[in-house]
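Encoded as structure tokens, the structure appears first; notes follow it.
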Amino acid sequence: MPKVSEEYRTAKRAEIAGAALRAFSRRGFHATSMADIIAESGMSAGAIYGIFSSKSDIVFDVASRVIGGRVHDISRLADSTPMPPPSELLGVLMRGMIGELGSPAILVQLWGEAVTDLQLRALASGVFDRLVSAYRAYISLWQQREHGLDPKAADTVAREQTPLFLAASQGFILQAAIFHDFDPEFFLDRVARHLPR
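Read in order, the letters of the sequence shown are residues 101 to 297 in this note's numbering.
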């Protein structure tokens, strides 16, 4: 069997992750089987299992891609001049997430499954930790640049403020997934007015 390049494997991982995301969005995380993902991808079972050993591995990859995209958004904003205030960060992240997922319902399903599935809980915790670190780093850098705080004081402010941004993110995700009359722009505008600057 010919050796497959890393670029090929990376492209196939992305293709499978996209198929899984479509299947999860349509059927729900729990109801989606590996057979559904295989059918959605149009690939053979061998091709899928040659890259991912289980549905949990695919879920981890999908979640890592979504959060990785948001962490990249935060890094891009941190490199901006002028650096946008942290209150604008939530809008950028949530719009990016909606653009990628269509609906955040899959995240709510994942949270629900993580309550009883220890492997998914570990996955969710790892993904969540990446987001916490990215928020903290951004807020700390903002405090240093815009308010002249030394790094230690800025880190303290970031540690205190990060839970507010996370709660707003989770509130957005939950409401967008559940309430049919949810207005994302209204939510983001109102929250941005009250988040710390």
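C-beta atoms are modelled at their ideal positions from N, C-alpha and C, and glycine is treated no differently.
Simplified DSSP assignment, three categories, for residue 268 = Of the three classes helix, strand and coil, the one that applies to residue 268 here is helix, per DSSP.
inquiry  = Residues in the same chain with beta-carbon distance under 6 Å from residue 261, minus the five sequence neighbours each way, listed in chain order, please.
reply    = Around residue 261: 239, 296.
request  = Can you tell me which of the three DSSP states residue 172 falls into?
outcome  = In the structure shown, residue 172 sits in a helix (DSSP, three-state: H, G or I).
inquiry  = Does residue 256 come out as helix, strand or coil in the three-state DSSP assignment?
reply    = DSSP places residue 256 in the helix class (H, G or I) of the three-state scheme.
message = Do residue 164 and residue 208 have their beta-carbon atoms positioned less than 9 Å apart in this structure?
response = With contacts defined by Cβ atoms closer than 9 Å, residue 208 and residue 164 do not form a contacting pair.
ask   = Count the other CB atoms within 10 Å of the CB of residue 119; is the residue buried (16 or more) or exposed (fewer)?
value = By the neighbour-count criterion, in which a residue is buried when 16 or more other Cβ atoms sit within 10 angstroms of its Cβ, residue 119 is buried.
query = In terms of residues, what are the limits of the alpha helix (DSSP H) holding residue 110?
reply = In the DSSP annotation of this structure, the continuous segment of the alpha helix (DSSP H) that includes residue 110 starts and ends at 106-127.
message = Once DSSP output is grouped into helix, strand and coil, what is the label at residue 239?
response = Residue 239 falls in the helix class under three-state DSSP.
task = Check each candidate in 125, 157, 189 and name the one with the smallest Cα separation from residue 171.
result = Ranked by Cα distance from residue 171, the first of 125, 157, 189 is 189.
query = Between residue 141 and residue 115, what straight-line distance do the alpha-carbon atoms span, to the nearest angstrom?
reply = Linking residue 141 to residue 115 through their CA atoms gives a straight-line distance of about 7 Å.
Residue from 243, 124, 138 whose Cα sits closest to the Cα of residue 183 = Ranking 243, 124, 138 by Cα distance to residue 183 puts 243 first.
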